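Visitor: These protein sequence lines map, in sequence, to chains Y and R. Heads up, the first sequence is in full-length UniProt numbering, so the first residue is 1 and it goes up one at a time. Heads up, the second sequence is in full-length UniProt numbering, so the first residue is 1 and it goes up one at a time.
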Amino acid sequence: MHLEIITPDRKVFEGEVTSAQFPGADGLFEVLNNHAPLIAALKAGNVTLTSAAGREAIRIEGGVVEVLRNNVIVLAEGAVA
Amino acid sequence: MASLKEVRSRIQSVSSTQQITKAMKMVAAAKLRRAQDNIIRMRPYAQRLNAILANLTRTTDNDIVSEYGVAREVRRVLVIAVTSDRGLAGAFNSNVFKGVNAAIAERYAGLPAANISYLAIGKKAHDYYTRKGGVVGNFTHVFAKLSFDTVREAAELAMDGFRSGTFDEVVMVYNEFKNVATQIVRTEQLLPLVKVEALAAPATPRDAKAVSALVEATANVDYIFEPSKEEIIQTLIPQSLKIQLYKAVLESNASEHGARMTAMDKATDNAGELLKALKLTYNRTRQAAITTEILEIVGGAEALAAG
Chain Y
1 MHLEIITPDR
11 KVFEGEVTSA
21 QFPGADGLFE
31 VLNNHAPLIA
41 ALKAGNVTLT
51 SAAGREAIRI
61 EGGVVEVLRN
71 NVIVLAEGAV
81 A
Chain R
1 MASLKEVRSR
11 IQSVSSTQQI
21 TKAMKMVAAA
31 KLRRAQDNII
41 RMRPYAQRLN
51 AILANLTRTT
61 DNDIVSEYGV
71 AREVRRVLVI
81 AVTSDRGLAG
91 AFNSNVFKGV
101 NAAIAERYAG
111 LPAANISYLA
121 IGKKAHDYYT
131 RKGGVVGNFT
141 HVFAKLSFDT
151 VREAAELAMD
161 GFRSGTFDEV
171 VMVYNEFKNV
181 ATQIVRTEQL
191 LPLVKVEALA
201 APATPRDAKA
211 VSALVEATAN
221 VDYIFEPSKE
231 EIIQTLIPQS
241 LKIQLYKAVL
251 ESNASEHGAR
261 MTAMDKATDN
271 AGELLKALKL
281 TYNRTRQAAI
291 TTEILEIVGG
301 AEALAAG
């Protein structure tokens, strides 16, 4: 699935991933391929993504994530790779 | 008539001024391009946020009550004035100050001056309102390295102030970028939120098109909402408010460089005209001096011949 992490300043990450873990407002959750449409609030924490290149953690400062048809878009207020 | 030497030194000084204004114009043009890039880079974020918010507000049945939407009796006001760090940009900064005064005269005429605080973004506004009194926070560093993080601090200060009751209303005054030659001074109410739906309303027709395309694409999707629609909206509202201020700052930044470019272009033209006039004077004076000299020589020669 395709993952994008964008902040108002820039695009922090864009690429194909096999799974991604998000710091949801109510706790960690993971999104895999073909996940049902979802909009979730996020709190500050790490987004851990697994891609062909391995695992990677990106720290975000809260925001919202939208999952739709294998497109995952994270709108974060700030992010550090 | 001025002496040749005086005219020559004036020509020298005007042409070096012209070089400076020309260079400043070029620098402003380059910075303007970067400022516009910043606006473009923010667009996908703002459009997505608008689309999600529009989607949510449309599908929730109950009215959304946000802590940022409570209108109270207005006793203490925060005015956010967005200016630049540097001058030489025509009437750019004084237009903001005029806009602030007009807004206060129009909306808060009955309030004592002590109840009006200013959040100054940019050195010019900071200096001006420090002299006037009533500045909150220090945001002179915003344009040194323009990023969402610094603007967010300012927005959070205003939002926390509103939530805690320090301010009953927050308005912002900034220059909107229309094109290089035109900046429009805008006064917008940031808090309290007039309507949550208004936040989802995109700013420009172009944005509106993009957002409605996004909304349409997701119209029939049955989303799972985590934790709940209302709570997502509550997290999106402050996010969207910050974006509003960030957008104003970016617009103002682009406007500043546009205004400076136009001002410096005019200054360069004026210097060119001044140079033309000075060169004419210079040549005339030189010609007159030569004529006098010839006359003197001829007169002397004639006197010799006669003698």
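A virtual CB, placed ideally from N, CA and C, is assigned to each residue, including glycine. Just so you know, these numbers come straight off a predicted model, no measurement behind them.
Whole angstroms is fine: what's the gap from R/K25's alpha carbon to R/R86's?
Guide: Roughly 14 angstroms separates the two Cα atoms.
Visitor: Is the Cβ of R/L236 closer than 8 angstroms to any Cβ of chain Y?
Guide: R/L236 counts as touching chain Y.
Visitor: Could one say the Cβ of R/L49 lies closer than 8 angstroms to chain Y's Cβ atoms, at least one of them?
Guide: So yes, R/L49 belongs to the interface.
Visitor: Using a Cβ-Cβ cut-off of 7 angstroms (strictly less than) and excluding sequence neighbours within five positions of R/L241, which residues of its own chain qualify?
Guide: So the qualifying residues of the chain are Y68, A155, M159, L190.
Visitor: Considering R/P112, what are the terminal residues of the beta strand (DSSP E) in which it resides?
Guide: Premise fails: R/P112 is in no beta strand (DSSP E) and is neither H nor E.
Visitor: Between the alpha carbons of Y/L42 and Y/V65, how many angstroms are there, rounded?
Guide: Their Cα atoms are separated by approximately 7 angstroms.
Visitor: Please list the partners that Y/V64 has in chain R, where partner means a Cβ-to-Cβ separation under 7 angstroms.
Guide: Neighbours of Y/V64 on chain R, chain order: I52, I232, T235, L236.
Visitor: For R/T268, which residues from the same chain have a beta carbon less than 8 angstroms from its beta carbon, with the 5 sequence-adjacent residues on both sides left out?
Guide: Excluding sequence neighbours, R/T268 sits near Q18, T21, K22, K25.
Visitor: Spatial neighbours of residue 333 of chain R within its chain, please: CB distance less than 8 angstroms, with the 5 preceding and 5 following residues excluded, ordered by chain position.
Guide: Since the first residue of chain R shown is 1 and the last is 307, residue 333 of chain R is not available in this structure.
Visitor: Measuring only the C-alpha atoms, how far is R/M42 from Y/P8?
Guide: Taking the straight line from one Cα to the other gives about 5 angstroms.
Visitor: Using the rule of at least 16 other Cβ atoms within 10 Å of the residue's Cβ for burial, across every protein chain shown, is R/Q12 buried or exposed?
Guide: Its Cβ having fewer than 16 others within 10 Å, R/Q12 is exposed.
Visitor: Which value, in whole angstroms, describes the spacing of the CA atoms of Y/T62 and R/S16?
Guide: Looking at the sequence shown, residue 62 of chain Y is not Thr but Gly. Approximately 52 angstroms, taken between the alpha carbons.
Visitor: Starting from Y/P23, trace the alpha helix (DSSP H) both ways and give me its first and last residue.
Guide: Note, Y/P23: premise wrong, no alpha helix (DSSP H); beta strand (DSSP E) at 19–24.
Visitor: Going by beta-carbon coordinates alone, are R/A120 and R/V100 separated by less than 8 angstroms?
Guide: Not closer than 8 angstroms, so no.
Visitor: Where do the N-terminal and C-terminal ends of the beta strand (DSSP E) with R/S117 fall, by residue?
Guide: Segment 116–121, the beta strand (DSSP E) holding R/S117.
Visitor: Give a yes or no on whether the C-beta atoms belonging to R/Y45 and Y/I5 are separated by under 8 angstroms.
Guide: Cβ atoms of R/Y45 and Y/I5: not closer than 8 angstroms.
Visitor: Look at the alpha carbon of Y/H35 and the alpha carbon of R/M264, and state the distance between them as a whole number of angstroms.
Guide: Approximately 56 angstroms, taken between the alpha carbons.
Visitor: In the structure shown, what three-state DSSP assignment does R/K178 receive?
Guide: Correct three-state label for R/K178: coil.
Visitor: To the nearest whole angstrom, what separates the beta carbons of R/N95 and R/L250, a pair I think is in contact under 8 angstroms?
Guide: In fact, because the Cβ distance is near 18 angstroms, the residues do not count as touching under 8 angstroms.
Visitor: To the nearest angstrom, how far is it from the Cα of R/G133 to the Cα of R/L280?
Guide: Between R/G133 and R/L280, the C-alpha separation is close to 51 angstroms.
Visitor: Within the same chain, show all residues whose beta-carbon is closer than 6 angstroms to that of Y/A25, passing over the 5 residues directly before and after it, in chain order.
Guide: Counting only Cβ-Cβ distances below 6 angstroms, and skipping sequence neighbours, we find A41, K43.
Visitor: Could one say the Cβ of R/I224 lies closer than 8 angstroms to chain Y's Cβ atoms, at least one of them?
Guide: Yes, contact with chain Y.
Visitor: Apart from the five residues on each side of it in sequence, which residues of its chain come closer than 6 angstroms, Cβ to Cβ, to R/A125?
Guide: Once the five neighbours on either side are set aside, the close Cβ partners of R/A125 are A81, T83.
Visitor: Nearest-angstrom Cα distance between residue 317 of chain R and Y/R69?
Guide: Chain R is shown from 1 up to 307; residue 317 of chain R falls before or after that span and cannot be answered.
Visitor: What residues of chain R sit near Y/E30, judged by a beta carbon separation below 8 angstroms?
Guide: Under the 8 angstroms cutoff, chain R gives no residues; its nearest Cβ is about 12 angstroms from Y/E30.
Visitor: Measure the beta-carbon distance from R/H257 to R/A28 and round it to whole angstroms, keeping in mind my assumption that it falls under 8 angstroms.
Guide: About 5 angstroms; that satisfies the 8 angstroms criterion.
Visitor: Quick one: is R/G161 buried, meaning 16 or more other Cβ sit within 10 Å of its Cβ, or exposed?
Guide: Buried is the call here.
Visitor: What's the gap between the Cα of R/Q219 and the Cα of R/G110?
Guide: The sequence given here has Ala at residue 219 of chain R, not Gln. Answer to the nearest angstrom: the Cα atoms are 47 angstroms apart.
Visitor: Do we get a CB-CB distance below 8 angstroms when we pair R/Y68 with the residues of chain Y?
Guide: By this cut-off, R/Y68 is not an interface position.
Visitor: So which residues on chain R does Y/A36 lean against when the C-beta distance must stay under 9 angstroms?
Guide: The answer, in chain order, is D222, Y223, I224.
Visitor: Could you give the DSSP three-state label for R/E226: helix, strand or coil?
Guide: In this structure, R/E226 counts as strand in the three-state DSSP scheme.
Visitor: Please confirm if R/P112 has its CB atom under 8 angstroms from at least one CB of chain Y.
Guide: No, R/P112 lies away from the interface with chain Y (no Cβ there is under 8 angstroms from its Cβ).
Visitor: Fully enclosed by the stretch 63–93 of chain R, which beta strand (DSSP E) runs are 3 residues long or longer?
Guide: If we require 3 residues or more, the beta strand (DSSP E) runs fully inside the stretch 63–93 of chain R come out as 77–82.
Visitor: Suppose the cutoff is 7 angstroms on Cβ atoms and the five residues either side in sequence are ignored; what does the same chain contact list for R/R8 look like?
Guide: Once the five neighbours on either side are set aside, the close Cβ partners of R/R8 are Y282.
Visitor: Using a Cβ-Cβ cutoff of less than 7 angstroms, which residues in the same chain neighbour R/K31 once the five nearest sequence positions on both sides are dropped?
Guide: Same-chain partners within the cutoff: H257.
Visitor: Checking 8 angstroms against the spacing of the C-beta atoms, do Y/N46 and Y/R55 come in under that value?
Guide: No, these two residues do not count as a Cβ contact at 8 angstroms.
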